[in-house]
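A.B. asks: Following this message is one structure expressed as structure tokens.
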Amino acid sequence: MKVSKVATRRRMLWTLVGLAVLFGSLAVRLAYVQLSQGEKLSAKAENSWRRNIPITAKRGEILDREGVPLAYNISSPTIYAVPVQVKDKMKTAQTLAPLLGMSEVKLSALLSKRESSVKLQPGGRKITMELAASIRDLQLPGIVVAEDNKRFYPYGDLAAHILGFTGIDNQGITGVESIYDKLLLGINGNTSYLSDAGGRLMPGSSEKYSPSQDGMSLELTIDKQIQSIMERELDQAMVKYQADGAWAIAMNPKNGEILAMASRPGYEPGAYKEYDPNVYNRNLPIWMTYEPGSTFKIITLAAALEENKVNLQNERFYDPGYIEVGGAKLRCWKKGGHGSETFLEVVENSCNPGFVVLGQRLGKETLFKYIRDFGFGTKTGIDLNGESSGILFKLSQVGPVELATTAFGQGVSVTPIQQITAVSAAINGGYLYKPHVAKAWINPDTKEVVSEVQPELVRRVISEETSKEVRAALESVVAKGTGRPAFIDGYRVGGKTGTAQKVVNGRYSTTEHIVSFIGFAPADDPQIVVYTAVDNPSGTQFGGVVAAPIVQNILEDSLHYMKVPERKDQLPKTYKYGETPIVTVPNLIGATVQDIYEDLNMNFNLARSGTGNTVINQAPKAGARVEQGSTIRIYMGSTGE
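Quick note on numbering: the sequence shown equals residues 1 to 641 in the numbering used here.
Here it is in structure tokens:
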């Protein structure tokens, strides 16, 4: 059939219309892609072409309360490979193997991976700057020396259990490194470039640098000087007593700030892999639980005073050396007992039977209420990991014997951090604070304080009047009682000894003890409280003999460092046979030898220098405090000189 020209034209018209619509659609689509999606698609393409070499952010510094760096990062580059750019993999592996301490086989496998970039680990991770420079000078194709860093602890093992340590990727693992990991970590940066499908740098492109953002700096409540003093004393104690362990805490009792915390055995955070995990995983001041012994009597004392169950000065108690409770004979540490004594002397002498009576007067409900109010039986909430909560009797399980033993610190299990926190509340006016080691967060660039950690009051436990009586009683313990080895001339010191039998295989050991002492100063306005315990010291195992002198040394050096002024209004120390009293050097200038010799013969020895009849100078100076029998050198001359 013959097709007409009209039909042919019509078909051509529709064909043209169809083509026009098609090309129009393509134009619209092209315009949409170019104008609307162009930027987005270009970015996608660029991302597919881009290769990134990471730049590790510097972890935030950890500082003491005075701004002294205790942990910071140092440059320690990491070696990367871009496998597609490595021209001769075998030769590159042979060259790098001796430098990185890795096998050629291992390196060849890494260099052959189908990845955009590969870390040459373990040998190429966090290397020295010198080694990095040597590798960079080789100019090996596809081998990149990338910025990286690692943690550095400038004071070795100082404050190790507080600081903790980090892993290979700068992640916090223990201590404040772990607790505050997110804030310390920072944000990584990178160096990137465009490459073709073969991994070669694209012509006309350049590297793009995205800087890393350093982590926040953490200022601790810890004072490096007090921490150093404490660790020195613990080290000496471990050597002197050949103990199984030792630990100590120093706290500001007015706000819960930890000024120092340490335990032995210790470790170096920068070399933690060389130590037994039990050493670095157990921060003994917050992890260790044990029967506290007589330091716990402070709680019984505070409760009895608050409830008006005792008058320390005017009420007496007779101690025959034991007390019978529920068919059990509970003995005093002193064989034969202390005889008739005031209840203040019960505290001074750490007399167990006397404290049993105080516990009985309180009753189990009241005593255990105060024990829990002082924070025992629950975690303090300190910002360190690994804290234990201790163990208390359930009230339903407390009979006459359990009440009696609890009153003098036996049968309960507590932690050192609970003890120092509770005693701080007993002496600071009755305020229980949550202990903490973080003080402030600091911007690493501007050095400005971003936020500060405020003291957190948990509850009020006792009144100021009761707290004042507790302070006075504990000052008397140091001046006249079992705590006399902690006495510091020129400072009012309060404290309490503790000696507790260790539980070995479910039974109380007769030969192994944890001996402790808690002390604070000045006794009328405490600025610092220190708790120290020694685990199974060799020789005599009494808190007053072993732990009290340690606390004395820590307190004395810390008080001088803190510039707490010495005073003359302290409670005078009671000296026992064999102890040498401390006396004041008189002013001898202007006196003649005949004037002074007879008076000084009892307390001092004289050593003369020079000629003449009159003292024109002396050493030590007048007012100095020295041991009785010390030598005073007097310089003689005439009154005209």
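Ideal Cβ positions, reconstructed from N, Cα and C, are used throughout, including at glycine.
Quick check: the stretch 345-359 against the stretch 370-388, are at least 3 beta-carbon pairs closer than 8 Å?
C.D. replies: With a cut-off of 8 Å, the stretch 345-359 and the stretch 370-388 do not count as touching, because too few Cβ pairs lie within range.
A.B. asks: Assign Phe520 to buried or exposed, taking buried as 16 or more other Cβ atoms, counted over all protein chains shown, within 10 Å of its Cβ.
C.D. replies: Counting Cβ neighbours within 10 Å, Phe520 comes out buried, since at least 16 surround it.
A.B. asks: Would you kindly work out how many angstroms separate the C-alpha atoms of Asn553 and Val401, rounded to a whole number?
C.D. replies: Between Asn553 and Val401, the C-alpha separation is close to 38 Å.
A.B. asks: So for Ala303, helix, strand or coil by DSSP?
C.D. replies: Three-state result, Ala303: helix.
A.B. asks: State the beta-bridge partners of Ala250 as determined by DSSP.
C.D. replies: For Ala250, which the question treats as bridged, DSSP gives the partners Ala260 and Val530.
A.B. asks: Enumerate, from N- to C-terminal direction, the unbroken alpha helix (DSSP H) stretches of 4 or more residues contained entirely within the stretch 464-514.
C.D. replies: Within the stretch 464-514, the complete alpha helix (DSSP H) runs of at least 4 residues are 464-480.
A.B. asks: Using a 10 Å radius around the Cβ and a threshold of 16 neighbouring Cβ atoms, would you call Met90 buried or exposed?
C.D. replies: Its Cβ having fewer than 16 others within 10 Å, Met90 is exposed.
A.B. asks: Going by C-alpha distance, which of Ser396, Ala426, Gly189 and Tyr280 is nearest Ser178?
C.D. replies: That would be Tyr280, whose Cα lies nearest to the Cα of Ser178.
A.B. asks: Count the other CB atoms, across all protein chains shown, that sit within 10 Å of the CB of Ala133; report buried if there are 16 or more and exposed otherwise.
C.D. replies: Burial call: exposed.
A.B. asks: Going along the chain, which residues of its own chain have a beta-carbon closer than 7 Å to the beta-carbon of Val145, five neighbours each way excluded?
C.D. replies: If we look at Val145 and ignore the five residues flanking it on each side, its Cβ neighbours are Pro77, Ile79, Ala132, Ile135 and Arg136.
A.B. asks: Between Leu96, Gly377, Gly590 and Ser112, which lies nearest to Gly123 when the distance is taken from Cα to Cα?
C.D. replies: The shortest C-alpha separation from Gly123 is found at Leu96.
A.B. asks: Can you give the beta carbon distance from Leu163 to Leu70, rounded, assuming they're within the 8 Å contact cut?
C.D. replies: Yes, Leu163 and Leu70 are in contact; Cβ-Cβ is about 6 Å, under 8 Å.
A.B. asks: What whole-angstrom Cβ distance do Tyr531 and Gln419 have, given they're in contact under 8 Å?
C.D. replies: Confirmed, about 6 Å.
A.B. asks: In terms of DSSP beta bridges, what is Gln225 paired with?
C.D. replies: DSSP lists no partner for Gln225.
A.B. asks: Tell me the rounded alpha-carbon separation between Arg114 and Val84.
C.D. replies: Rounded to the nearest angstrom, the two C-alpha atoms are 8 Å apart.
A.B. asks: Look at Ala547 and Val534 and say whether their C-beta atoms are less than 7 Å apart.
C.D. replies: Yes, these two residues count as a Cβ contact at 7 Å.
A.B. asks: Below 8 Å, can you find three or more Cβ-Cβ pairs linking the stretch 448-459 to the stretch 264-278?
C.D. replies: With the cut-off at 8 Å, the stretch 448-459 and the stretch 264-278 do not touch.
A.B. asks: Does the beta-carbon of Ala406 have 16 or more other beta-carbons within 10 angstroms, so that it is buried, or is it exposed?
C.D. replies: The identity of residue 406 in the sequence shown is Thr, whereas the question assumes Ala. It counts as buried.
A.B. asks: Helix, strand or coil for Thr342? Go by DSSP, reduced to three states.
C.D. replies: Of the three classes helix, strand and coil, the one that applies to Thr342 here is strand, per DSSP.
A.B. asks: Between the Cα of Gly642 and the Cα atoms of Ile616, Thr584 and Gly375, which residue gives the shortest distance?
C.D. replies: Nothing in the structure corresponds to residue 642, since the chain is present only between 1 and 641.
A.B. asks: Go ahead and pull the three-state DSSP assignment for Gln85.
C.D. replies: DSSP places Gln85 in helix when its eight states are reduced to three.
A.B. asks: Are Thr497 and Ser340 close, meaning C-beta to C-beta below 7 Å?
C.D. replies: Against a cut-off of 7 Å, the Cβ pair of Ser340 and Thr497 comes out as no contact.
A.B. asks: According to DSSP, what are the bridge partners of Thr289?
C.D. replies: None; Thr289 has no bridge partner.
A.B. asks: Grab the span of the beta strand (DSSP E) containing Glu219 for me, first residue to last.
C.D. replies: Run containing Glu219: Ser217 to Leu220, per the beta strand (DSSP E) assignment.
A.B. asks: Could you compute how far the alpha carbon of Thr499 sits from the alpha carbon of Phe343?
C.D. replies: The alpha-carbon atoms of Thr499 and Phe343 are separated by roughly 20 Å.
A.B. asks: Alpha carbon to alpha carbon, what distance is there between Ile589 and Ile632?
C.D. replies: C-alpha separation (whole angstroms): 12 Å.
A.B. asks: Starting from Tyr318, trace the beta strand (DSSP E) both ways and give me its first and last residue.
C.D. replies: Unbroken beta strand (DSSP E) run through Tyr318: Arg316 to Asp319.
A.B. asks: What residue range does the beta strand (DSSP E) around Ser451 cover?
C.D. replies: From DSSP, the beta strand (DSSP E) with Ser451 extends over Val449 to Glu452.
A.B. asks: As a quick exercise: from Thr511, Arg507, Asp489 and Val615, pick the residue whose alpha carbon is nearest that of Leu571.
C.D. replies: Per the Cα distances, Asp489.
A.B. asks: Are Tyr635 and Asn613 close, meaning C-beta to C-beta below 7 Å?
C.D. replies: No. Outside cutoff.
A.B. asks: Which same chain residues, not among the five before or five after Gly359, have their C-beta less than 7 Å away from its C-beta?
C.D. replies: Excluding residues within five positions, the ones whose Cβ falls inside 7 Å are Thr300, Leu367, Leu403, Ala404, Thr406 and Ala407.
A.B. asks: With distances taken from CA atoms, which of Gly167, Gln94, Val86 and Pro211 is nearest Glu147?
C.D. replies: The residue with the shortest Cα to Cα distance from Glu147 is Pro211.
A.B. asks: Report the three-state DSSP secondary structure of Phe23 (helix, strand or coil).
C.D. replies: Three-state result, Phe23: helix.
A.B. asks: Assign Met636 to one of three DSSP states: helix, strand, or coil.
C.D. replies: In the structure shown, Met636 sits in a strand (DSSP, three-state: E or B).
A.B. asks: Is it the case that the stretch 436-443 contacts the stretch 302-321, given that we only count it when at least three CB pairs across the two stretches are under 8 Å?
C.D. replies: Segments in contact, no.
A.B. asks: Just to confirm my understanding: we take Glu512, look at its own chain, exclude 5 residues before and 5 after, and list those with CB closer than 7 Å. What are they?
C.D. replies: These residues qualify, in order along the chain: Lys502, Val504 and Asn536.
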